[in-house]
Amino acid sequence: NCGSLELHPRGTSHLKSETVTLPLSSHSRRRRQLKVEYDKDEGVTPMKTEHWEPPDWKKQLGHIREMRSGRDAPVDNMGAEKCYDTEAPASVRRFQVLVSLMLSSQTRDQVTAAAMQKLRAHGCNVENLLATDDETLGKLIYPVGFWRTKVKYLKLTSAMLQKEFGGDIPDSVEGLVRLPGVGPKMAHLAMDIAWDKVSGIGVDTHVHRISNRLGWPKKPTKNPEETRKALEEWLPRELWSEINWLLVGFGQQVCLPVNPLCSMCLNQHSCPSAFQNSPTKKPKTGSPKSPNPTSSLKIKAEHESAVKEEGTKTESLFTPVSPTTQKKKAKRKVS
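Position one of the sequence shown corresponds to residue 1 (UniProt numbering), numbered consecutively onward.
Structure (structure tokens):
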């Protein structure tokens, strides 16, 4: 009869109990309980792993998905996912994805798509780009932003790919950011589009701007790289691939850099930046429309506009006039 066995580690004074079930013998199915006691951690402060996330982000994301359901923004038809030759060999397709991402920096999607079309007609692969002189290459990609610099980057990157990677692009973020003209945003997008691997969130100016307007980073961020790190701390990984094209298209149509169309946005009641700089005009062609805006909102907007205009008029009535100006006005009346 072994009874109850208590194990006391040395140097412990506070114990907690846990029951462990052990077999009595190999020929018996009955099991007897063995009482084992463990030490409680003494003097160790437990680590608090608080998971922070924006309060309304799920609802806001759902609204953005709804507004982007038409998939009719420039990024949907002319982004990097649409610029490569689907019939080309895999390594060439991946190279074309990288080239389109390099050209897209500081450039509208329409301009990037046109440049890629000319490059593909010319022959957009490592060997052809290396054999093309700078002047011809410049004419092919013009008028993308900083096209002269990008000609140099394309040549240097192509030479590096040919020498170190057999003409293909690296399959890691570390390898991609080593290439001239390739930053973290391009690297993460290239991993996602070219290699079908989610390595991080691709954050451009649209994603950076909209994330901060919605209050998605825990603290306001100063640049896209800070925003990427802030988003990756709380945004579920399964959304990392979607968030770029979702917010880029939203930024192209509704949450514009200047004069965002807050009155057309489904997040107007939860966005902390709503109506801080919103015009009273119709959305751009192809922009999503909000579902049946209520008349009360229209009346409120008209009322605020009228009050503002009236305030300006009242202000001008009570603007102080200098004595010299008064004398001049009096002379004019007399004459």
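For every residue, glycine included, the Cβ atom is placed at its ideal position computed from N, Cα and C. Only a predicted model underlies this, so the values are computations on that prediction, with no experimental measurement involved.
- Residue burial is scored here from C-beta neighbours: V207 has at least 16 other C-beta atoms within 10 angstroms and is therefore classed as buried.
- For W245, the secondary structure class from DSSP, reduced to helix, strand or coil, is helix.
- Counting only runs of at least 4 residues, the UniProt domain "HhH-GPD" (103 to 253) fully encloses the following alpha helix (DSSP H) elements, listed from N- to C-terminal order: 109 to 122, 126 to 131, 134 to 141, 147 to 164, 173 to 177, 184 to 195, 205 to 214, 224 to 232, 240 to 253.
- Here the alpha carbon of V126 sits roughly 9 Å from the alpha carbon of T157.
- Secondary structure of P74 (DSSP, three-state): helix.
- Per the coordinates, the alpha-carbon of G215 lies some 33 Å from the alpha-carbon of V99.
- The shortest CA-to-CA distance from P260 to any of L266, R94, A274 is the one to A274.
- As the crow flies, the alpha-carbon of P236 is around 41 Å from that of L137.
- Nearest neighbour of T112 by Cα position, chosen from L140, H122, F95, turns out to be L140.
- With three or more CB-CB distances shorter than 8 Å, the segment 84 to 99 counts as touching the segment 155 to 171.
- Each residue's CA atom was taken as its position, placing L129 and D85 some 16 Å apart.
- Only buried fits T132, as 16 or more other CB atoms lie within 10 angstroms of its CB.
- A contact between stretches requires three or more CB pairs, one per stretch, nearer than 8 Å, and the segment 66 to 75 meets this requirement with the segment 236 to 256.
- According to the DSSP assignment, E66 belongs to the alpha helix (DSSP H) that extends over 57 to 67.
- With respect to the 8 Å criterion, R228 and P272 are not classified as neighbours on the basis of their beta carbons.
- Annotation for D196: no residue places its beta carbon closer than 6 Å to its own, counting only its chain and skipping 5 residues before and after.
- Take Q162, set aside five residues on each side of it, and the residues of its chain with a beta-carbon closer than 7 Å to its own are V126, L130, in chain order.
- Pairing L189 with G202 gives a Cβ-Cβ distance under 8 Å.
- The shortest CA-to-CA distance from F95 to any of M160, E174, R213, E238 is the one to M160.
- Short of 8 Å from the beta carbon of P220, and not among the five residues preceding or following it, lie these beta carbons of its own chain, in chain order: N212.
- R209 sits buried, since 16 or more C-beta atoms from the chains shown fall within 10 Å of its C-beta.
- Assignment of F95 by DSSP, reduced to helix, strand and coil, places it in the helix class.
- The C-beta separation of M186 from L101 comes to about 4 Å, placing the pair in contact by the 8 Å criterion.
- About 5 Å separates the beta carbon of V144 from that of L103, a gap short enough to meet the 8 Å contact definition.
- Taking C-beta separations shorter than 8 Å and ignoring five residues to either side along the sequence, the partners of K218 in its chain run W52, A230, E233, W234, following chain order.
- For D109, same chain residues with a beta-carbon under 7 Å away, outside a window of 5 residues either side, are P74, V75, M78, G79 in chain order.
- Distance from the Cα of W245 is smallest, within the candidate group K58, K59, E81, for E81.
- In the structure shown, S273 falls within a coil segment according to DSSP collapsed to helix, strand and coil.
- By a beta-carbon distance limit of 8 Å, V173 contacts G200. Their separation comes to about 7 Å.
- Each residue's CA atom was taken as its position, placing G175 and M264 some 42 Å apart.
- Look at A80 here: in three-state DSSP terms it is helix.
- In this structure, H63 sits away from L256, with a CB-CB distance that is not shorter than 8 Å.
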